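*Asks:* Got a structure here, written out as structure tokens. Questions coming.
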Amino acid sequence: MRNNLAFSILLLMMMFAFTAAGQEKQLSINVEIEGLGEILLEENSVDQNETTRLLLKKPGGMLQVIDSYDGLLPADLIKHDLDGDGCFEIIALLRHPDGIDVIMHIYSSAADFKKIFPESPNENNPLICREVFVSTHGNQPAVCTRHLVAYHDFGPPELYRLEFYQLQKAQLILAHQGFTEGNHYNILMNRGAIAFHGGQYLEALDYYSQAVSSSTGEISSSAFIESLFYLAESRKFLKDFKGALELYQKIVLEFSQNLFTDSAQREIELISQNLAHPEALSFYIDVTSHINCDRWETALELLQNHELGSAESPLLDRMLFTRAEVLTALNRVDEAIEVYRSIQQKFPNSPIIENVESALADMLEKPEETDGL
4 MRNNLAFSIL
14 LLMMMFAFTA
24 AGQEKQLSIN
34 VEIEGLGEIL
44 LEENSVDQNE
54 TTRLLLKKPG
64 GMLQVIDSYD
74 GLLPADLIKH
84 DLDGDGCFEI
94 IALLRHPDGI
104 DVIMHIYSSA
114 ADFKKIFPES
124 PNENNPLICR
134 EVFVSTHGNQ
144 PAVCTRHLVA
154 YHDFGPPELY
164 RLEFYQLQKA
174 QLILAHQGFT
184 EGNHYNILMN
194 RGAIAFHGGQ
204 YLEALDYYSQ
214 AVSSSTGEIS
224 SSAFIESLFY
234 LAESRKFLKD
244 FKGALELYQK
254 IVLEFSQNLF
264 TDSAQREIEL
274 ISQNLAHPEA
284 LSFYIDVTSH
294 INCDRWETAL
304 ELLQNHELGS
314 AESPLLDRML
324 FTRAEVLTAL
334 NRVDEAIEVY
344 RSIQQKFPNS
354 PIIENVESAL
364 ADMLEKPEET
374 DGL
């Protein structure tokens with residue numbers, strides 16, 4: 004009898020140990036709300052799978068689950084009256100185990116913890132950023148998010164986009180957007196990149212020119228060359244072809260082999276060979292500008308409907324190649340394959356034929372068969 008009792012105690016101890024190992028409470032962040040209780044953002048590891056729960060610990064110790072987040076870890080927990088109604092909102096910040104950016108969820112403490120943001124449980128969270136904190140805008144509380152801008156990586160210091168959100172009628176509204184200040188060339192280059200990819204090429208010229216003559220110290224050689232390239236690109240999209248050529252040639256001729264030599268040489272050939280056809284060259288630049296600004300549908304419409312997109316000209320092979328790239332980006336793969344094949348047939352000696360064949364081979368490559376699947 005004693006042996007059976009000892010065995011039962013040992014078995015219970017082993018079961019407790021396995022349970023504790025399989026469900027180990029780890030990081031816990033808490034804030035107090037007077038009259039309501041303690042809000043907890045608590046990490047639990049269940050069978051080595053990370054999960055986090057947002058809990059209300061009521062006076063007396065009873066726990067209420069407000070929300071749970073599979074695969075995410077706690078980052079921070081903030082309480083603040085965001086709309087001035089006398090009731091606190093709860094901001095739960097989470098992060099992926101392999102990342103440093105945070106994901107934001109906001110709840111009302113007045114209406115049984117109704118989720119304010121994101122509004123729909125099926126909505127992807129659009130506010131994934133480097134940092135979240137409560138600030139003010141227009142003398143009203145605001146949730147400020149900091150987003151790293153990293154088109155170019157020559158920092159620190161880095162450039163951040165700041166977004167100020169205010170709670171109005173239970174909805175989170177973007178009230179203001181701005182950028183961190185600085186005259187380091189990394190900051191200036193990234194400001195230039197924002198303008199460049201927004202199609203604001205004169206503004207991009209200004210920022211990249213400032214970066215080249217940065218007053219905070221000598222710009223590194225790699226950043227200098229990269230700035231020159233985007234100065235040339237901006238001039239190209241402004242159709243200042245002479246100015247663009249001078250900058251591309253500077254990259255090729257005055258610097259040893261660098262990351263932009265091949266790209267600059269291709270642009271030199273494109274412009275030089277087609278200066279005698281200004282209308283076709285200008286149209287091609289318009290199309291590629293839309294692509295640069297992620298206006299893929301507009302680029303495709305131009306290529307398909309404008310006569311210069313399909314007319315016989317020295318640039319037709321490039322027009323067709325660009326159309327195939329746009330179709331691929333729009334997930335119209337079968338149409339893209341047809342266009343690539345038409346380039347092979349019509350322009351077997353085109354300077355871009357290797358690119359065509361490489362793209363076509365990638366698209367036609369069959370996935371390798373895997374045993375047992």
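Reminder that position 31 of the sequence shown reads as 34 in this note's numbering, one-by-one numbering, no gaps. Built from N, CA and C at the ideal position, the CB exists for glycine as well. The structure displayed is predicted, hence computed values, not measured ones.
1) Assign Ala279 to buried or exposed, taking buried as 16 or more other Cβ atoms, counted over all protein chains shown, within 10 Å of its Cβ.
2) Which same chain residues, not among the five before or five after Cys132, have their C-beta less than 7 angstroms away from its C-beta?
3) Quick check for students: name the residue ranges of the alpha helix (DSSP H) that lie wholly in the segment 291-328, counting only runs of 4 or more.
4) Within 10 Å of its beta-carbon, does Val336 have 16 or more other beta-carbons around it, so buried, or fewer, so exposed?
5) Using only alpha-carbon positions, find the residue among Gly195, Ala332 and Ala314 that is nearest to Leu303.
6) To test your reading of the DSSP string, which unbroken alpha helix (DSSP H) runs of 4 or more residues are found completely within the segment 128-203?
7) Where does the unbroken alpha helix (DSSP H) through Ser71 begin, and where does it stop?
8) Val146 and Arg164: beta carbons closer than 7 angstroms?
9) Please report the straight-line C-alpha distance between Phe120 and Gly63, rounded to a whole angstrom.
10) Classify Lys61 as helix, strand or coil using the three-state DSSP reduction.
11) Could you check the C-alpha separation between Ser361 and Arg344 for me, to the nearest Å?
12) With a CB to CB cut of under 6 angstroms and the five nearest residues on each side skipped, what residues in its chain are close to Leu170?
13) DSSP state of Gln29, grouped into three classes?
14) With H, G and I counted as helix, E and B as strand and the rest as coil, what does DSSP make of Ala279?
15) Identify, in the order they occur along the chain, each residue of the same chain with its Cβ nearer than 7 angstroms to the Cβ of Gln143, setting aside the five sequence neighbours on each side.
16) For Asn127, is the classification buried or exposed, using 16 other Cβ atoms within 10 angstroms of its Cβ as the cut-off for buried?
17) Taking only three categories from DSSP, how would you classify Asp3?
18) For Leu367, name the three-state secondary structure that DSSP assigns.
19) What's the C-alpha gap between Gln348 and Thr54?
20) Using 8 angstroms for Cβ pairs, my map puts Ile288 next to Phe240. What's the rounded Cβ distance?
21) To the nearest angstrom, how far is the alpha carbon of Gln26 from that of Gln174?
22) What three-state label does DSSP hand Ala24 in the structure shown?
23) By how many angstroms is the C-alpha of Leu43 removed from the C-alpha of Ala267?
24) Can you give me the start and stop residues for the beta strand (DSSP E) that Arg98 sits inside?
25) In whole angstroms, what separates the C-alpha of Arg254 from that of Ile228?
26) Quick check: Ala283 and Leu318, are their CB atoms within less than 7 angstroms of each other?
27) Taking Ser223 and Phe157 to be in contact with their CB atoms under 8 angstroms, please state how far apart those CB atoms are, rounded to whole angstroms.
28) Chain E beta carbons: is any one of them nearer than 7 angstroms to that of Asp86?
29) List the endpoints of the continuous beta strand (DSSP E) containing Glu111.
30) Only counting the same chain, and skipping five residues up and downstream in sequence, which positions put a Cβ closer than 6 angstroms to that of Arg194?
31) Mind reading off the beta-carbon distance from Ile346 to Val359? Whole number of angstroms is fine, and I expect it under 8 angstroms.
*Replies:* Put simply:
1) Counted from its first residue, the sequence shown places residue 279 at position 276. Exposed.
2) Within the sequence shown, numbered from 1, the residue matching residue 132 stands at position 129. Asp104, Val105, Thr148, Arg149 and His150.
3) 299-308
4) Along the sequence shown, one-based indexing puts residue 336 at 333. Counting Cβ neighbours within 10 Å, Val336 comes out exposed, since fewer than 16 surround it.
5) As a first step, residue 303 must be located in the sequence shown, where it is residue number 300. When each option's Cα is compared against that of Leu303, the closest is Ala332.
6) 188-200
7) Position 68 of the sequence shown, counting from 1, holds the residue named residue 71. Not the alpha helix (DSSP H): Ser71 falls in the beta strand (DSSP E), residues Leu66 to Asp73.
8) By one-based count along the sequence shown, residue 146 stands at place 143. By one-based count along the sequence shown, residue 164 stands at place 161. Not a contact, by the Cβ cut-off of 7 angstroms.
9) Translated into positions along the sequence shown, residue 120 becomes position 117. Translated into positions along the sequence shown, residue 63 becomes position 60. Their Cα atoms are separated by approximately 30 angstroms.
10) Numbered from its first residue, the sequence shown carries residue 61 at position 58. Three-state DSSP puts Lys61 in coil, outside helix and strand.
11) As a working note, residue 361 is residue 358 in the sequence shown. As a working note, residue 344 is residue 341 in the sequence shown. Those two C-alpha atoms are separated by around 12 angstroms.
12) Counted from its first residue, the sequence shown places residue 170 at position 167. Only Leu85 and Asp86 meet the Cβ criterion.
13) Position 26 of the sequence shown, counting from 1, holds the residue named residue 29. It is a strand residue.
14) On the sequence shown, residue 279 is found 276 positions in, with the first residue counted as 1. Reduced to three states, the DSSP call for Ala279 is coil.
15) Numbered from 1 along the sequence shown, position 140 holds the residue referred to as residue 143. Cβ neighbours of Gln143 beyond the five flanking positions: Gln169.
16) Against the sequence shown, residue 127 aligns to sequence position 124. Exposed, because fewer than 16 other Cβ atoms sit within 10 Å of the Cβ of Asn127.
17) Any property of residue 3 remains undetermined from this structure, which presents the chain solely from 4 to 376.
18) The residue you call residue 367 lines up with position 364 of the sequence shown. Note: Leu367 maps to helix in three-state DSSP.
19) Position 345 of the sequence shown, counted from the start, is the residue given in the question as residue 348. Position 51 of the sequence shown, counted from the start, is the residue given in the question as residue 54. Roughly 56 angstroms separates the two Cα atoms.
20) For the purposes of this step, residue 288 is taken as the residue at position 285 of the sequence shown. For the purposes of this step, residue 240 is taken as the residue at position 237 of the sequence shown. So it is a contact: roughly 6 angstroms between Cβ atoms.
21) Along the sequence shown, read from residue 1 onward, the residue named residue 26 stands at position 23. Along the sequence shown, read from residue 1 onward, the residue named residue 174 stands at position 171. Bear in mind that the predicted position of Gln26 carries a pLDDT of just 46, short of 50, making it unreliable; the figure below should be weighed with that in mind. When rounded, the distance between both Cα atoms is 36 angstroms.
22) Against the sequence shown, residue 24 aligns to sequence position 21. Any answer about Ala24 is weak, because its pLDDT of 44 lies below 50 and its placement is not dependable; what the coordinates show is given next. Three-state DSSP puts Ala24 in a helix.
23) As a first step, residue 267 must be located in the sequence shown, where it is residue number 264. As a first step, residue 43 must be located in the sequence shown, where it is residue number 40. Going from the Cα of Ala267 to the Cα of Leu43 covers about 55 angstroms.
24) Taking the sequence shown and counting its residues from 1, one reaches residue 98 at position 95. Residues Glu92 to Arg98.
25) Numbered from its first residue, the sequence shown carries residue 254 at position 251. Numbered from its first residue, the sequence shown carries residue 228 at position 225. The amino acid occupying residue 254 in the given sequence is Ile; Arg does not appear at that position. Between Ile254 and Ile228, the C-alpha separation is close to 7 angstroms.
26) Start at 1 with the first residue of the sequence shown, and residue 283 comes out as number 280. Start at 1 with the first residue of the sequence shown, and residue 318 comes out as number 315. Going by C-beta atoms, Ala283 is nearer than 7 angstroms to Leu318.
27) Your numbering for residue 223 matches position 220 in the sequence shown. Your numbering for residue 157 matches position 154 in the sequence shown. Correct: roughly 6 angstroms between the Cβ atoms.
28) Looking at the structure shown, chain E is missing, and only one protein chain is on hand.
29) Locating residue 111 in the sequence shown gives position 108, where the first residue counts as 1. Checking the sequence shown, residue 111 turns out to be Ser, not Glu. Its beta strand (DSSP E) spans residues Val105 to Ser111.
30) As a position in the sequence shown, residue 194 is number 191, starting the count at 1. If we look at Arg194 and ignore the five residues flanking it on each side, its Cβ neighbours are Tyr210.
31) Position 343 of the sequence shown, counting from 1, holds the residue named residue 346. Position 356 of the sequence shown, counting from 1, holds the residue named residue 359. The pair is a contact, with the Cβ atoms about 5 angstroms apart (cut-off 8 angstroms).
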